[in-house]
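Chains as they are written, first to last, in this note's numbering: chain Y, 8 to 282; chain X, 9 to 453; chain S, 1430 to 1738. Heads up, the beta-carbon is just placed ideally off N, CA and C, and yes, glycines get one too.
Pasting the structure below:
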């Protein structure tokens, strides 16, 4: 009996989720594979003229290879910000969790504020401008680090609470300095939470639109999200190219998801509950 | 375990964070070869234009024509988005000293918002500047009376596109008063065609009924521009100014808007009026350049008339005296000299011809140096007629530095019935006040 | 706790003297404060400093070069202008609606996905995947799917005889439609958080409840709901903070329109910034800051207190 109900329930769920969750993605794929005239009809149908690869190529070539530049910039932004975030927030969490006392109180307050307070945009533009970092990739990277720190620190701290202090003390007895204790002893045992933080932040920063919009405006050094938004006005009557671009932007997360499905889902759930 | 401390590691991390990302890629650093140093002594400058199809095509043609006769200069075109995103980019690039040597931008109130006296190079010594169109010069001057831009393209009108075949089929006359216009709309609706295209999917297009009514407003209140700038005249309390908002409400209340207006874009509107899906479309004449792309077989089916006012005797057209090409103060030396030559070139016949290649002209050029091509669009001919008759008035944004940024959203609110015309005008007065305060104008506290 | 070395000379010793022998290292302690230095500077300069500056500049008329003190004029403008008040109300509606729906739907989906049905892994993946996808891409896609005349949604409704509404073009509906898309995109995260919460409930509780003869509904109500309270708290906190600050999706779908019907504070801030009203935009940031704080601080406290009881 149980099993029958499971099959029926599952079957219904498969159909319902199919309608709500798969059709939008199928629509992206189908429209990206149509020619200009057919895509303008916005129909959900199999392309009469299957030109997916031509469209993808056209999307890449558009506006002097803007997509390639944008992919490269997003890659640099994501990799550097995430790497810095992992190391910095692990260090802060380590000191916070291990030391206690007054400094821990400061960190605690800063982390809570950082989680809740929405950033003040124009003053940030102002500060970046004074530092000569406005509209520069380093400026945007610092912003992503500053905004991402509190959440990552919390994740690391929760994990560190489960790592026995004896581990550091043993290394200390061996004559290791703080740097080497941290990098050689602590970091390696935090591998799983590092993976979680890396995945979460990669998704956040790759998909971030608002911060590049504010702090890296213009076509100087576009990221993939601002480029996509720009193509919307560029490709007003060219839905096939717009959707080819959306497809390209969606591919990296899809590939990541196919390979790290379990890890991502578990990491997100764990990260959120602890956070 | 002597080398257990790894101080260099943190240094390396910090260094990575600081230096690596400096390699952020700039658009144009890939796939463009124009920027190359083509030979000894060659000056290379950049030209920033908006990314509209016609602007880009005109800019490319003009650069090609200019560099053909000025082989010592090479020009790289940079593009920016249009609309308020673009405004912001122009503002911040100027403010941060990062503006290319030449850029194309609006004149009038948008130019005033750039504070040209502080940020741009005066161009009074441009060859032929004395003969530039008077309205163009007036709207391209700073508050110090100096000319800050050279002409880009043609002047154009703001009024109503109409479908010519439909007008002849229904035997309609070009309306000279608002009542005649509404009578036409009634007949058009009865014939089963939508009287009016509106395209709220591209919000800037919604403000034309207010902006293009300025000729009528100025006829009724000749000193409105001054009084409004001084904070004494308001849209909500000046009947002739309120009329623009009332027109939107009236057209909406009568159900004259075409189907799908709420999500339609500019191109949909152009296509609708060209193919006779809609009879009218309030627009600026310049957009007719796009007809060749969206309705290539119907380009000459679109005519143009001024937004009709209360009195046929004072019928006339609200006009936009072109756009400008500007040189920021940061351009110096050889680059400044090359930039000036390029701007001057745009006001010569070869420059105007190059412009026309990219964007079919929709009105007269801004300098007597330039003649229109032999064959021009119907919209251009209709626009020319008003210029010849001398019944033109520059839009309010060329008489006053004050233009509220939210006019388009407010017009949409009126057009979708969220607020009525009076409320809309009041909202706009509030919006305008913010702009006036930001500019520090007297009389608005 | 054991190592409470004096705070004062920590950084100093560490920087000037390379720790050679055990003794000097012991004085620095294994947890030196200089570990905090770089992140503290980044956080301070790029987040804390602008936040502090915002309080001052929100009282000025500002063009990034000169700031003129104008008192509370910006705030008066913010609360005096109907468009901005709409933004405030919409922010609340959007935040409450999306986080409420994510809690309810997420919990129900989690119940379903922890029960004995087939294809659980597949279903979980399908529901979760939108979480990873670009908000802009989702927004642009749904804008087209929601086109009133030609969009897939209304065409599908048309085939079953329902005249679909103007999802994004009807002022009364635009904000709700964007909220629906936000729920679509975010419910997967809520679901996996609830799944994690549900599977961590020890089976003894179910067994005890079953012994007492509790019905399925009673088990959900009296065992599952209270015991996955931490998960509920996470979902509420995460989605409410996200919802109140929401910008990307609204900007991609309606840009706050039609008119101002779907403007939220974050989009108002951006529009004022675009218009060059930097002081007013900053006042918007402060309003958003106060709003989020006023809601989130007591709520977080209440959710956590409940956990202790």
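For residue 376(X), the closest C-alpha among the options 384(X), 383(X), 354(X) and 365(X) is that of 354(X). Residue 235(X) carries a helical assignment under DSSP once its states are collapsed to helix, strand and coil.
Neighbourhood of residue 420(X) in chain S, by CB distance below 7 Å: 1686, 1687 and 1688, in chain order.
Taking every protein chain shown into account, the CB of residue 115(X) has 16 or more other CB atoms within 10 angstroms, so this residue is buried. A straight-line Cα-Cα distance of about 11 Å links residue 201(X) and residue 281(X). If you check each beta-carbon in the segment 122-138 of chain Y against every beta-carbon of chain X, the ones closer than 7 Å belong to 136. The Cβ atoms of residue 165(X) and residue 320(X) do not sit closer than 8 Å to each other. Here the alpha carbons of residue 326(X) and residue 432(X) stand approximately 22 Å from one another. Cα atoms of residue 62(Y) and residue 51(Y): separation of roughly 18 Å, rounded to the nearest angstrom. Going by C-alpha positions, residue 243(X) is about 46 Å away from residue 1562(S). By the Cβ rule, the segment 23-43 of chain Y counts as touching the segment 249-265 of chain Y, because three or more pairs are nearer than 8 Å. Rounded to whole angstroms, the Cβ separation of residue 1527(S) and residue 1668(S) is 6 Å, and the two are in contact under 8 Å. In this structure, the CA atom of residue 1485(S) is about 49 Å from the CA atom of residue 69(X).
Per the coordinates, the alpha-carbon of residue 32(Y) lies some 18 Å from the alpha-carbon of residue 45(Y). Look at residue 58(X) here: in three-state DSSP terms it is strand.
It is roughly 34 Å from the alpha-carbon of residue 1616(S) to the alpha-carbon of residue 1640(S). Your pair residue 299(X) and residue 278(X) checks out as a contact, with CB atoms roughly 6 Å apart and the cut at 8 Å. Linking residue 172(Y) to residue 163(Y) through their CA atoms gives a straight-line distance of about 15 Å.
In the DSSP assignment, residue 432(X) falls within the alpha helix (DSSP H) that extends over 429-447. In terms of beta-carbon proximity, residue 155(Y) stays away from the interface with chain X, with every pair separated by 8 Å or more. Of the candidates 256(Y), 204(Y), 57(Y) and 85(Y), 204(Y) places its Cα closest to the Cα of residue 273(Y). Nearest Cα to residue 1503(S) within the set 1538(S), 1483(S) and 1721(S): 1483(S). Under the 10 Å beta carbon count, residue 1497(S) is surrounded by fewer than 16 other beta carbons and is classified as exposed. Rounded to the nearest angstrom, the gap between the Cα atoms of residue 234(Y) and residue 446(X) is 31 Å. Per DSSP, the continuous beta strand (DSSP E) segment holding residue 160(X) begins and ends at 157-160. Boundaries of the alpha helix (DSSP H) around residue 223(X): 222-228. Under the 10 Å beta carbon count, residue 1551(S) is surrounded by fewer than 16 other beta carbons and is classified as exposed. In the pairwise beta carbon analysis, the segment 117-132 of chain Y is classified as not touching the segment 166-182 of chain Y: fewer than three pairs are separated by under 8 Å.
A direct Cα-to-Cα measurement between residue 381(X) and residue 53(Y) gives close to 46 Å. Bounds of the beta strand (DSSP E) holding residue 402(X) are 400-402.
From the listed residues 265(Y), 268(Y), 13(Y) and 276(Y), the smallest Cα separation to residue 1548(S) is found for 13(Y). Looking at the backbone, the Cα of residue 64(X) and that of residue 246(Y) are separated by about 21 Å. With a cut-off of 8 Å on Cβ pairs, the segment 188-206 of chain Y is not in contact with the segment 135-143 of chain Y, counting fewer than three such pairs. Annotation: residue 294(X) is outside any beta strand (DSSP E) and is labelled neither H nor E by DSSP. For residue 186(X), there is no enclosing beta strand (DSSP E); the enclosing alpha helix (DSSP H) has its first and last residue at 186-198.
Taking 8 Å as the cut-off, the beta carbon of residue 166(Y) is found closer than this to the beta carbon of residue 197(Y).
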